[in-house]
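Structure, as structure tokens:
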DNA sequence: TGGTCTTGGATTGGATCCAATCATGGAGTA
DNA sequence: TACTCCATGATTGGATCCAATCCAAGACCA
């Protein structure tokens, strides 16, 4: 019980924030699958905190939609149906062009170089995990210069909601589809370099739309076999 | 073991939920102005609870953007600048046509009759408080038949964010502007009756866009004089 | 034998207590 | 007079304890 043996958990930020980030990451990385039950005490012990900050963290995650909270019953990692996932993509289709328009004018040359690097890395890798990771970095970087109150956070949350399924259906893309995705990424960088915000916005919209339609052809990703 | 995977039906009634709703309503009704400090103990006493559920409620409200939480300092009702308010309206401009498209096919005749009633009530009242209240009911009813995972809640949150400012700039609309707003409402009902989802979506988009432009002509609403 | 009731354990929800942190104001000094 | 430093009170953050609720297994009875 003496705290000398147990190193006090890192002090930056408050505990609830740390716990929330930890759970978010665990979900994103696939360590916590959709449908998994989240027991407060278990989480508390895992993060070296008491249950109070855990409950606050779960409240935040519920508001983000990542966790489903049932009074007097418990918390589960949210599970999406195909229809719900399509809804998230429809929403992204509307919001990300807007967010990109906010960010595009402030992207530096270095940002654009990095975007090109990431696009190239995506077309050369065969590892799905790596692809998904780089894909996320690519898009988030393209939005990173937007100075927004909530739109940026909102889009990131939408990505988080579908992250567990992204890997699953990325495997299913055939060579042609992958080629088209890479072309779209490249087109987007070109448009951004030319200062063609409208063109970049249209490209990202089409990109998300195409991904959504790919998704809807693979309902097997969402079968609740577990 | 597998019984942990599916969440049982929800049951409402915990304190954190009540507190969150209470604060939300207080902000919406203007009892809590943007910038107001929220002291945990004060709130706890007001709702007859302890500080623990209050802290959970504040976490939720922070995730919604209604409350700004500063570690080790406290909580304040979020205050928007003009630019941030315009961002919310830009976001609504993209999302509400989509949400309306989800809802429109499921609106009943009774719903449409009620919408017409509300539109008429808006054009006949001179009381600003009444107008704002009915306006919200009108739009929320038009979305109420959408069966969405998050889009419906998301739009409602966006409305909540700007609710404190809506009353302020509604006063500033001249007779012409009000007339146009009423026409738009009526046009929307007509399009919905005809089953013209696309037309209704365009109408609501134009309606929000017009409101946003009206808003940007009245920066004085956002001067931090208080 | 089948259904209902009860009881125990497990888990969440809430209250109280203690620790950590921050703002405020006053004393002391150049 | 103005600036620094420190002490003190107020407020938030976290831990522990207790109450309420739910689920499941087994007892009881028709």
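Protein chains in written order, with our numbering: chain A, 74 to 299; chain B, 74 to 299. Glycine residues also receive a C-beta, built at the ideal position from the N, C-alpha and C atoms. No experiment lies behind these values; they were computed from the predicted model shown.
Cutoff 8 Å; reference residue i; Cβ partners in own chain excluding five residues on either side
| i | result |
| --- | --- |
| residue 133(B) | 89, 93 |
| residue 85(B) | Because the pLDDT of residue 85(B) is 49, which lies under 50, any placement of that residue in the model is unreliable, and the number read from its coordinates should be weighed accordingly. Taken in chain order, the list of residues that qualify is empty. |
| residue 155(A) | 288, 289, 292, 294, 295 |
| residue 101(A) | 233, 236, 237 |
| residue 285(A) | 159, 162, 163, 166 |
| residue 140(A) | 96, 111, 131, 134, 148, 149, 150, 151 |
Residue i versus residue j: straight-line alpha-carbon distance, rounded
| i | j | result |
| --- | --- | --- |
| residue 153(B) | residue 230(B) | 14 Å |
| residue 205(B) | residue 186(B) | 20 Å |
| residue 218(B) | residue 160(A) | 15 Å |
| residue 128(B) | residue 158(B) | 27 Å |
| residue 115(A) | residue 215(B) | 44 Å |
| residue 16(B) | residue 176(B) | The requested residue 16(B) does not occur in the structure, where chain B is confined to residues 74 to 299. |
| residue 181(B) | residue 240(B) | 30 Å |
| residue 198(A) | residue 262(A) | 19 Å |
| residue 106(A) | residue 248(A) | 28 Å |
| residue 302(B) | residue 257(B) | What the structure shows of chain B is the stretch from 74 to 299, and residue 302(B) is not part of that stretch, so it cannot be assessed. |
| residue 220(B) | residue 191(A) | 38 Å |
| residue 122(A) | residue 99(A) | 17 Å |
| residue 243(A) | residue 207(A) | 13 Å |
| residue 246(A) | residue 109(A) | 27 Å |
| residue 250(A) | residue 200(B) | 57 Å |
| residue 268(A) | residue 266(B) | 43 Å |
| residue 117(B) | residue 252(A) | 57 Å |
| residue 228(A) | residue 228(B) | 14 Å |
Nearest candidate by alpha-carbon position, reference residue i, set the options
| i | options | result |
| --- | --- | --- |
| residue 212(B) | 253(B), 128(B), 195(B), 124(B) | 195(B) |
| residue 276(A) | 259(A), 288(A), 286(A) | 259(A) |
| residue 151(A) | 256(A), 198(A), 219(A), 96(A) | 96(A) |
| residue 272(B) | 284(B), 251(B), 178(B) | 178(B) |
| residue 295(A) | 263(A), 238(A), 282(A) | 238(A) |
| residue 138(B) | 160(A), 269(A), 226(A), 214(A) | 226(A) |
| residue 202(B) | 128(B), 103(B), 119(B) | 103(B) |
| residue 119(A) | 144(A), 175(A), 109(A), 91(A) | 91(A) |
| residue 254(B) | 223(B), 228(B), 215(B), 193(B) | 193(B) |
| residue 223(B) | 171(B), 112(B), 87(B), 283(B) | 171(B) |
| residue 278(B) | 174(B), 122(B), 246(B), 183(B) | 174(B) |
| residue 145(B) | 209(A), 122(A), 243(A), 87(A) | 87(A) |
| residue 264(A) | 188(A), 109(A), 108(A), 117(A) | 188(A) |
Sequence-distant residues of the same chain with beta carbon closer than 7 Å to residue i, five excluded per side
| i | result |
| --- | --- |
| residue 142(A) | 131, 135, 148 |
| residue 281(B) | 162, 165, 166, 169 |
| residue 209(B) | 232 |
| residue 80(A) | Residue placement at residue 80(A) is poorly supported in this model, since its pLDDT is 34, which falls under 50; the coordinates are not used for a value here. |
Those residues which DSSP pairs with residue i across a bridge
| i | result |
| --- | --- |
| residue 141(A) | 149(A) |
| residue 111(A) | 148(A) |
Neighbourhood of residue i by C-beta, 6 Å cutoff - its chain only, sequence neighbours within 5 removed
| i | result |
| --- | --- |
| residue 83(B) | A caution first: residue 83(B) carries a pLDDT of 38, below 50, which makes its placement in the model unreliable, though a value can still be read off. Result list for residue 83(B): empty, nothing under 6 Å. |
| residue 113(B) | 124, 127 |
| residue 274(A) | 170, 173, 174 |
| residue 270(B) | 174, 177 |
| residue 299(A) | Its pLDDT being 42, under 50, residue 299(A) is placed unreliably in this model, and the coordinates cannot settle the point. |
Task: Sequence ranges, beta strand (DSSP E) only - wholly within the segment 150 to 236 of chain A, length at least 3 - done: none
TODO: Could I get the ranges of all uninterrupted alpha helix (DSSP H) runs contained in the segment 252 to 291 of chain B, with 4 residues as the minimum, in chain order?
DONE: 270 to 289
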